[in-house]
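J.:
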């Protein structure tokens, strides 16, 4: 629909203030992408400072039938915050206050623009922290985490974002401001809080979020298991699960990735290893010590060459540095790479790792692996150069091949990045037409006109019946966080 | 449509869907399945999700009300139904969809009982964390639909944390699912969240997948005793702020302790029961952290029996005091003390006695109230007690009346105010059960 853009921008300025709206092309360019290279230019970007302003913006957009997308830091990998061409971006960088820290109830209420790590830093002196820790936690916002139901390494023990949100304030597409849940862990009535987390901004816009704060553990032990082969490391992951140990985090880096990372940040990974496991245990001192012994035994039982334990916080930080800097390290060896986000049952990790190895050979690509092994959440990184058109096509084929294998194993197409635009046409591989019809019906119950974040999650109708292969560009990551 | 017409007109249609022997219209048999005094006019026991869908589509065409049923352990909760046209048992949906002991996941039919599931996974040293009352009867579908949880909520989280997938049939007869069988998955809307605690009003759950946990090799329960609720709760806070990570952290009032463990010296006061899992070394650490307040330790059969009684509290209390209120409250942790103080004052003013238990680290309270000996029997005082409780609840508290004397049913709303926006919940209901087929009149609308 043609939109009276100048009129709309004037309206937005009246709502949010003169300095709170961008509409010049050179400014809008900064809001046309997220952590990938998919682009779509908005018609305006508005920076509300209050829930009331968000409500007025939604009312305006609904009245004028203009597409709206909420945006945090734009670190998403699935295109969740990409605007519709000419639509409005509601950027939350000016709604970044921590509204309340309730120590007694171990809750914090924050505005959506609060950066994930800032909340943990803000409450650190109380011995508390916010558990979800996406790799982008220095930049990504809690509003974005809520929309995508983000994970991170330590969600193995503590769960993803939804397990840490107890209440939300939401602006619905109608502009109405509503509340779901509160400080109680659960309440009677439908769990709308749980439903809206992970709905990728298609149901409503959260404007305040009440989250759980966890108490810092008494003891943390970080171990590095060194293996000759990916296979041995993969078998160790399922052996640790089967031994009944739940580490706080259990990450794998394959040989190629750890060498790339080591060259960049000198975390101390052995250069000739086939793979390493980064295993973190936390909790009561006595429990951690017992588990550390048990984990070491399991590793050696699976042919580990060596198991190191960080002696102090510095050594621990160094081991994690390698994990956290991995994406930056990759930027030095490849012009571009595509991060996949498949999930398999944990016992299938050895099989899927072998499959990824075969896929790399089959399509003549370099694929690195650095991922949340403990919950079966793979992140194969497929290297490519955008200028090589034939190679790009192979990247798409390889990625498709890997995700199909995940589904065949009983897994999923996304563990923490979301469906967004990237994977909406893969949804029919997981869900029947009727499954999707039920979900779309729910979206339409709130967002029937499709004003709020259109074209996300659900396949375009054409794709519903007929799957022919990847036809759309995935979100391509150039620089990770 | 009167009850009789439903019987004669539709029984053959349901037989065509489920088979002859799986449809009952015998009034005597159906009387045994009355819900708050309302007997269903017909009962069906489908064998598959397809049959459930066919039944619900038929019910939609003819405007019949359908009540999903499992083990009938919580079926007397909720508002009074006007009529029950079809009682739909999920008890034949018991197939194991997937069981991956090495992955610590299982997918199971909704009609399987919690005890059956627990026994199956126990063979592999695993553990299903759901702990409803009467697990031998309570089904997986009923557990999810009621969102019920017990003391283990402290250490293992709730259903919303460890249910990873669900298959269901919407009120309008569409087969649907959410999630899957892997422990981390964000593909599509989180349908599990909507169905858990929906009291069977959005869809009929046909199967679900769960994370399992390694069964603890050894557990021990430490009972600390205090003269008042306030002091017990201070100890609760001490435990929450310690490095300890107990499986259960339960407050038990003096009357509740007498009810659950008659003659126990702990019945002399308010107790905090801390259940811990781990090696001897770990349990020693608990002992030293918990300190002097601990008056008793339990292990083995004693301990099992004690927690089983706590899980069955709702049942035990209702049997002990048939004319009683059973109230369930979810609340912020810091409000437990003031709510209990208010409860205590109100009970005294209305001449009620009460027994309370609660997972006070979460926080959730279950309270049974009955008229004190010697008080004049008065139904009005039950109604007044409920309204008195509701009128003084702090924000974010929701309170359900799970049981009340039959005579008061018309005057006591089972659910009361909720912190979540009503219109949004109505929109969800309309999207999944537009003709209000499922549990009509019993929950929110």
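Protein chains in written order, with this note's numbering: chain D, 346 to 826; chain Z, 29 to 473. Cβ atoms here follow ideal geometry from the backbone N, Cα and C, with glycine treated the same way.
Please state whether DSSP places residue 462 of chain D in a helix, a strand or coil.
T.: Looking at residue 462 of chain D - three-state DSSP - the assignment turns out to be helix.
J.: Counting along the chain, where does the alpha helix (DSSP H) carrying residue 494 of chain D start and finish?
T.: Element bounds for residue 494 of chain D: n/a, residue is neither H nor E.
J.: Excluding the five sequence neighbours on either side, which residues of its own chain have a C-beta within less than 7 Å of the C-beta of residue 398 of chain D, listed in chain order?
T.: If we look at residue 398 of chain D and ignore the five residues flanking it on each side, its Cβ neighbours are 360, 361.
J.: Could you give the distance in angstroms between the alpha-carbon of residue 148 of chain Z and the alpha-carbon of residue 195 of chain Z?
T.: Taking the straight line from one Cα to the other gives about 21 Å.
J.: What is the DSSP secondary structure of residue 29 of chain Z, reduced to helix, strand or coil?
T.: Unreliable positioning characterises residue 29 of chain Z in this predicted model, as indicated by a pLDDT of 44, which lies under 50. A coordinate reading is not provided.
J.: Specify the secondary structure class of residue 472 of chain Z as computed by DSSP and reduced to three states.
T.: Residue state, collapsed to three classes: coil.
J.: Roughly how many whole angstroms lie between the Cα atoms of residue 433 of chain Z and residue 88 of chain Z?
T.: Approximately 33 Å, taken between the alpha carbons.
J.: Please check the pair residue 595 of chain D and residue 620 of chain D, which I expect to be a contact at CB under 8 Å, by giving their CB distance rounded to whole angstroms.
T.: In fact, because the Cβ distance is near 13 Å, the residues do not count as touching under 8 Å.
J.: Could you tell me which chain Z residues have their CB closer than 9 Å to the CB of residue 691 of chain D, listed as they occur along the chain?
T.: Those are 128, 130, 131, 132, 133, 210, 211, listed as they occur along chain Z.
J.: Put residue 814 of chain D into one of helix, strand or coil per three-state DSSP.
T.: Low per-residue confidence applies at residue 814 of chain D: pLDDT is 32, beneath 50, and the placement is therefore not dependable enough to give any value.
J.: So for residue 399 of chain Z, helix, strand or coil by DSSP?
T.: Of the three classes helix, strand and coil, the one that applies to residue 399 of chain Z here is strand, per DSSP.
J.: Is it buried or exposed, residue 37 of chain Z, if we count other Cβ atoms within 10 angstroms and call 16 or more buried?
T.: Counting Cβ neighbours within 10 Å, residue 37 of chain Z comes out exposed, since fewer than 16 surround it.
J.: Determine which residues share a DSSP beta bridge with residue 393 of chain Z and list them.
T.: Partner(s): Z:357, Z:386.
J.: List, in chain order, every chain Z residue whose beta-carbon is nearer than 8 Å to that of residue 750 of chain D.
T.: Simply none; closest approach about 13 Å.
J.: Compare the C-beta of residue 271 of chain Z with all C-beta atoms of chain D and state if any pair is closer than 8 Å.
T.: Yes, residue 271 of chain Z counts as interfacial toward chain D.
J.: Mind pulling the alpha helix (DSSP H) runs of 4 or more residues that sit fully within the segment 262-299 of chain Z?
T.: DSSP runs (the alpha helix (DSSP H)) wholly in the segment 262-299 of chain Z: 282-288.
J.: Run down chain Z in chain order and give the residues with a C-beta less than 9 Å from the C-beta of residue 330 of chain D.
T.: The first residue shown for chain D is 346 and the last is 826, placing residue 330 of chain D beyond what the model contains.
J.: Smallest Cα separation from residue 413 of chain D: which of D:634, D:483, D:424, D:390?
T.: Ranking D:634, D:483, D:424, D:390 by Cα distance to residue 413 of chain D puts D:390 first.
J.: For chain Z, check one thing: does any of its Cβ atoms lie closer than 8 Å to the Cβ of residue 722 of chain D?
T.: Judged by the 8 Å Cβ criterion, residue 722 of chain D is in contact with chain Z.
J.: At a Cβ threshold of 8 Å, is residue 797 of chain D touching chain Z?
T.: No, its Cβ sits nowhere closer than 8 Å to a Cβ of chain Z.
J.: For residue 523 of chain D, which residues in chain Z fall below 7 Å Cβ to Cβ?
T.: Those are 449, 452, listed as they occur along chain Z.
J.: Can at least three beta-carbon pairs, one atom from the segment 134-142 of chain Z and one from the segment 166-178 of chain Z, be found at a separation below 8 Å?
T.: The answer is yes - the segment 166-178 of chain Z touches the segment 134-142 of chain Z, with three or more Cβ pairs under 8 Å.
J.: Let me know the alpha helix (DSSP H) ranges lying completely inside the segment 177-224 of chain Z, each 4 residues or longer, listed in chain order.
T.: The segment 177-224 of chain Z contains these whole alpha helix (DSSP H) runs: 181-184, 187-190, 219-223.
J.: Going by other Cβ atoms of all chains shown within 10 Å of its Cβ, with 16 needed for buried, is residue 499 of chain D buried or exposed?
T.: Under this definition residue 499 of chain D is a buried residue.
J.: Alpha carbon to alpha carbon, how far is residue 800 of chain D from residue 408 of chain D?
T.: C-alpha separation (whole angstroms): 19 Å.
J.: Please identify the residue among Z:380, Z:201, Z:239, Z:66 whose C-alpha is closest to the C-alpha of residue 146 of chain Z.
T.: For the residues Z:380, Z:201, Z:239, Z:66, the minimum Cα distance to residue 146 of chain Z belongs to Z:239.
J.: Could you spell out the range, first to last residue, of the alpha helix (DSSP H) harbouring residue 170 of chain Z?
T.: Segment 168-174, the alpha helix (DSSP H) holding residue 170 of chain Z.
J.: Using a threshold of 8 Å, state whether the C-beta atoms of residue 394 of chain Z and residue 356 of chain Z are closer than that.
T.: Yes. Within cutoff.
J.: Going by DSSP in three states, residue 358 of chain D sits in which element: helix, strand or coil?
T.: If DSSP states are grouped into helix, strand and coil, residue 358 of chain D belongs with the helices.
J.: What's the C-alpha gap between residue 702 of chain D and residue 712 of chain D?
T.: Looking at the two C-alpha atoms, the distance is approximately 8 Å.
J.: Whose C-alpha, out of D:492, D:569, D:610, is nearest the C-alpha of residue 653 of chain D?
T.: Of D:492, D:569, D:610, the residue nearest in Cα terms is D:569.
J.: Using 8 Å as the cut-off, can you tell me whether the segment 555-568 of chain D makes contact with the segment 240-252 of chain Z, which would need three or more C-beta pairs spanning the two stretches below that distance?
T.: Output reads no: the segment 240-252 of chain Z does not touch the segment 555-568 of chain D.
J.: Quick check: the Cα distance between residue 614 of chain D and residue 631 of chain D, rounded to an integer number of angstroms?
T.: Distance between the alpha carbons of residue 614 of chain D and residue 631 of chain D is about 28 Å.
J.: Measure from the C-beta of residue 189 of chain Z to each C-beta in chain D and report whether the shortest distance is under 8 Å.
T.: At least one chain D Cβ lies under 8 Å of residue 189 of chain Z.
J.: Would you decide whether residue 770 of chain D is buried or exposed? Buried here means 16 or more other CB atoms lie within 10 Å of its CB.
T.: Buried, because 16 or more other Cβ atoms sit within 10 Å of the Cβ of residue 770 of chain D.
J.: Using a Cβ cut-off of 7 Å, which residues of the segment 576-595 of chain D contact any Cβ in chain Z, in chain order?
T.: The residues in question are 583, 586, 587, 589.
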